[in-house]
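Have a look at the structure below before the remarks.
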Amino acid sequence: MPFVQLQVISAYSLLKSTLSIEKLVVSAKERGYKALALTDHNVMYGIIDFYKACIKHNIKPIVGITLDIQGVINTQQEYPLILLAQNKTGYTNLMKLSSKKMLMEHDERLSLEEIKEYSQGLIAITPGRDSEFDLFLLNEEQESAIKVLNAQQQVFTNEQYFIGLQLQESIQKVQAKLKGLQNQLFIKTVALGDVRYLNPSDHFSNDVLKAIGSGEKVSLAEVTTTTGPYSLLEENQQVEKFVSVGLQKAIEQTNLIAETINVEIELDQHLLPRFDVPEQIDTSMYLKELCFKGLKQRKVDYTKEYQERLEYELAIIRKMGFEDYFLIVWDLMAYAHKVGIVTGAGRGSAAGSLVSYVLSITDVDPIQYNLLFERFLNEERYTMPDIDLDFPDNRREEMLEYTKNKYGQEHVAQIATFGTLAAKMALRDVARVFELSQAEATEWSNTIPKILGITLKVAYEQSKSLRELVQKNEKNTLLFDTAKKIEGLPRHVSTHAAGVVISNQPLNKYLPLQKGSGSIHLTQYPMGNVEEIGLLKMDFLGLKNLSIIDNALKLIKKQTQEDVNLLAIPMDDPQTLELFAKADTVGIFQFESSGIKNVLRKLGPTSIEDVAAVNALYRPGPMEQIDLFIKRKKGEAPIVYPHVNLESILGVTYGVMVYQEQVMQVASKMAGYTLGQADILRRAMAKKKKSLIDIERAHFIKGAIELGYEEKVATEVYRYIEQFANYGFNRSHAVAYSFIAYQMAYLKAHYPEAFFVALLNSASNNPVKLKEFALEIKKRKITILAPDINKSFYAFSLKDHSIQFGLGSIKKLRRDMILDIIRIRKEKGPFKDLIDFLRRIDSKWLKEEYIKPLIYVGTFDHLGYSRGTLAASLMGILSSLELSGNNIGLFDILKPKYTQTSDLSLEEKLELEEFYLGVYLSGHPAEQYEKVATMKQTVFIQDLQIGQHEKIIGLIKNVRRIRTKKGEIMAFVTLNDSSGDCSLTLFPIKYRQYGKLLEKGELLYVEGKVESSRDETKQLIVSSLEDIKVLAELAEIARIFIRIPTGKMDSELLQELNQIFKKHRGSIPVILFYEETKKKLALNETEWVDGTQALKLALEKIMGVENVVIQKKTIF
């Protein structure tokens, strides 16, 4: 006897089931089921994947939900009701009901009256033990149970409504009660399996999953003996269980219900919304008018090439039916420009469209930069166009709001994405449920290798520490096994960073919705499902870099009254290109990493083309071509082309195939491909499908022969493009994003103060970045002014040519407090001193925890008292204010006074500034040794390169000494400079040599090899240390004179001197003075010395004290 599971919840009933969709469907097929339902709790997150999986495995999909509805008797409670879609109408109503439920506030309830409107095409089943009907029935409240039944049967017809029967302890009692009601009511029953996990042994992991969601703990006592009733049994086993309690008819009813169900979810539709155009004009003509008007506004040479390209693109857009799409995007960008929102130059292949350029959707001229429309839209391969829009991250919400208002709240939504239980998260969550401490959970987490997307299975294979921890005891083994079972399941739903969907019809006709984070709804289906349905998906991306540009432009306008038009700046500006050539790209979009800076230094870009090429090449795969590219540009290697006819295509990249578009152009020129066909070739190569590549090879060679090329040449060229096509980058994207980088570099080169203020404000809550940017600013001799209670605003600001630190970047201060301080200062004038400040601000801010940070970072430094005095006086002043109760007269009588005391030391100031601001504003002790840094060619800690031998100067913050297994002492030292911290490791041999120098607060010069530590911070394996004070003395040495007395010089002495010079090689010149001839001999640079005390003593020992003279530098 067949049976259909009509009550199944999956992992998309978040943290209530361990069933993944694919495992559920595959297992159902293996266990004999011909049809299967999915009835997740209020949501339809997994429906599309479930539907596709069922079709793939030849199982009839039954689409449903378990909906929480308002009680009939107890209206303050909610009870579940299973709803199954019978047909297309039912599916649409399911989506509307799920949307209605998920868009409600927490205290709202979905009533039967509201459900009635959407009841057509649905099957309703009371879900056994948890239903309102069953609860009253089993509690002997028959009258209430009948009322519930009558109320629900008024919404659903007799053909639609069923009483669900589950295999529970009370099943016999329920059957008896129902039998007693059959004379009074029309009752149809159906068997329900209630599936929540795959196998009975999964009961425990499912309990753990639920405990993660509820924040509870689980008992481990019955783990090995307990199994649960919610597994997916073999079909025949499920039937036997129901038959054993006399439910044959209820089993048959599952099949009868399944037979009435026929839901086909339409995928791959073309659901582009319509754009309202002015009357008397059609969409195509309106788009064409806008394009040619835009072409004139772009002020390009109005040549035949532009006209023909525009007509060509418009014809393809019209043929593919995408006019409305372009008008929608045009309208969005037009609004952004109208309200002064900075937009990106373009993203992805859309920058290859002249239509996009003349509509001001993009800012890259595709003809000038030789970009291909077919890479974006190909009439020979129908796909939806995809134009991603970049806005400043602080103005993205405005664009979302405009879109919602333009098309209507029910027609616009953001797109859902699911956070999953990744390896570390799964371990941490299970550890908490197992009542492990935070430290123990961290221990588990730290055993997982830092590899993106790593699974627990792979981690176990790679991590010895994980294996040891798992095998330590049975509890640990259980913890790990449980984490593996829940790994990868969805943990929470959130909003996709960019995705937005727009529809002509209300969206709940096509997909279910739920509340978003703001006023815009959220789709229940994730990005892939939204696209599969055929809805218009767009990406609104918030770029921090555009916010930096926007803020910099506003600061420039405020400071200079100049309106900088970034679309009009010269793209061959020498100062801008020099920044790239010097790798002076801190703060420059996509060019900040140490690796790409090394490429810039080697290459020395001289054009925007070079910048774009670096952007494209510095990625896995094409990276191996970088050295060849550099050598060819610099003339160190010959520029070779696969064929001389390809120079016009590959010349811009020195014969190296960098871009996908070059693949297409080569195929077009050599083999007669249309650019549409060439795009299909490119895709085939990118997908690495051998069958497709072989087909295209034959096509290419045949076409090349027809154009007069030899077969051997054609084969070689095809092999060449096949080699590089795998790694080719989208040229349109590379050029467009390099435009943003170039614009930022232009601002940095020409308006550095405004640029850096904008940059600092973008990182105000990121101490690491603040420190990096502050260091860059100091290098440029731009002054950063400490926070000032009378001059600072919330954000960083520009004061003439200096940068004023913002109060908003001080840790431990509340935003509303800072804004209140600024308001009081604006309304009643500057604060005279700390006492005046404390008297005038709101009493709720009169707390030590709020005021001390202001003192410690120097906001009162200009008001007459030192930080030490103000810190010592604070509690007394606060006490006086509290006693006076804000009575000014009484406060004056109490006359609080400042407690004069010594100021904080420089080290104390630096420590507090770093803690509260993330940067050092009072200078750093290492900065006074600039001569040593220059002499030794040191780098800042933040610039340490892993794998390199580096030299640094820093302050010891901490020393930790340990003994090795052999009983030898070694040390770990935290060293700090104005750019940050790093760790020093001194192994025993080095500790014996330099251990006496390791004292907290000491300044050291350090050399060693840079390695990456376990926590991914940089550490220096020390090869040598020196006291900076000693080196500072050496930095003052101009040269060393050695007098050779008459008759003293012989081969033995010369050999001894050479050995000393070799041992003490350095940067100080050596001059020999021969007493006998009165001549001086300046030794070669290879024989210069280090000037140390050890050198001096060695020379004096063999030459005599009177014959060694150290000459100091003089300042004139």
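Counting from 1, position 1082 in the sequence shown corresponds to residue 1533 in our numbering; the numbering is continuous, with no gaps. Backbone N, C-alpha and C define an ideal beta-carbon position, used for all residues, glycine too.
- With respect to Ile472, Phe501 sits close: the two C-beta atoms are nearer than 8 Å.
- Partner residues in the beta bridge of Phe1423, as assigned by DSSP, are Arg1411 and Thr1436.
- CA-CA distance, Lys855 to Ala787, rounds to 14 Å.
- Remark: C-beta atoms of Gln617 and Gly579 approach each other more closely than 8 Å.
- In this structure, DSSP gives Gly497 a state outside helix and strand, which the three-state scheme calls coil.
- Look at Phe869 here: in three-state DSSP terms it is strand.
- For Arg1266, the enclosing alpha helix (DSSP H) has its first and last residue at Arg1266 to Lys1279.
- Looking only at Asn493, Gly1542, Leu1550 and Val1050, the smallest Cα-Cα distance to Gln1506 is reached by Leu1550.
- In the DSSP assignment, Gln748 falls outside any beta strand (DSSP E) and lies within the alpha helix (DSSP H) extending over Thr734 to Gln748.
- Only exposed fits Ile902, as fewer than 16 other CB atoms lie within 10 angstroms of its CB.
- The beta carbons of Leu1485 and Thr1537 sit no closer together than 8 Å.
- Per DSSP, the unbroken alpha helix (DSSP H) holding Leu1211 starts and ends at Pro1203 to Ser1213.
- Between Val728 and Tyr681 a beta carbon distance of about 56 Å is seen, past the 8 Å cut, so the two are scored as non-contacting.
- In the DSSP assignment, the residues bridged to His1400 are Lys1460.
- Taken in chain order, the whole alpha helix (DSSP H) runs of length 4 or more contained in the stretch 776-859 are 805-809 and 847-858.
- Restricting attention to Leu1270, Thr526, Phe607 and Ile1404, the CA atom closest to the CA of Gly572 is found in Phe607.
- Nearest C-alpha to Lys744 among Leu878, Ala910 and Val806: Val806.
- Ranked by Cα distance from Tyr1110, the first of Val494, Pro1203, Asn1177 and Leu1476 is Asn1177.
- A Cβ-Cβ separation of about 10 Å leaves Phe1224 out of contact with Phe1206 under the 8 Å criterion.
- Ranked by how close their Cα comes to the Cα of Gly1498, the residues Tyr1525, Glu1477 and His508 have Tyr1525 in first place.
- Here DSSP, grouped into helix, strand and coil, assigns Ala1192 to helix.
- In this structure, Thr1389 sits near Lys1402, with a CB-CB distance shorter than 8 Å.
- In this structure the stretch 861-879 touches the stretch 973-982; the number of beta carbon pairs closer than 8 Å is three or more.
- For Arg1148, the CB contacts under 7 Å within the same chain, skipping 5 residues up- and downstream, are Tyr1169 in chain order.
- Classified as buried, Tyr569 has 16 or more neighbouring CB atoms from the shown chains inside 10 Å of its CB.
- According to the DSSP assignment, Glu529 belongs to the beta strand (DSSP E) that extends over Glu529 to Ala536.
- Under DSSP, the beta-bridge partners assigned to Gly950 are Asp990.
- By the 16-neighbour rule on beta-carbons within 10 angstroms, Asp1014 is exposed.
- Of Glu1458, Ile1100 and Ala1384, the smallest CA-CA separation from Arg1182 is found for Ile1100.
- Comparing C-alpha distances from Asp1293 to each of Leu1332, Asp1130 and Gln1174 shows the shortest one belongs to Leu1332.
- Checking the DSSP bridge columns, you'll see Ser1475 partnered with Glu1458.
- Contact holds between the stretch 453-468 and the stretch 486-505, because three or more Cβ pairs, one in each stretch, are under 8 Å apart.
- For Asp1130, the three-state secondary structure derived from DSSP is helix.
- Secondary-structure assignment with DSSP links Thr577 through a beta bridge to Ile614.
- The C-beta of Lys1222 has 16 or more other C-beta atoms within 10 Å across all chains shown, which makes the residue buried.
- Boundaries of the beta strand (DSSP E) harbouring Val641: Thr640 to Leu643, taken from the DSSP string.
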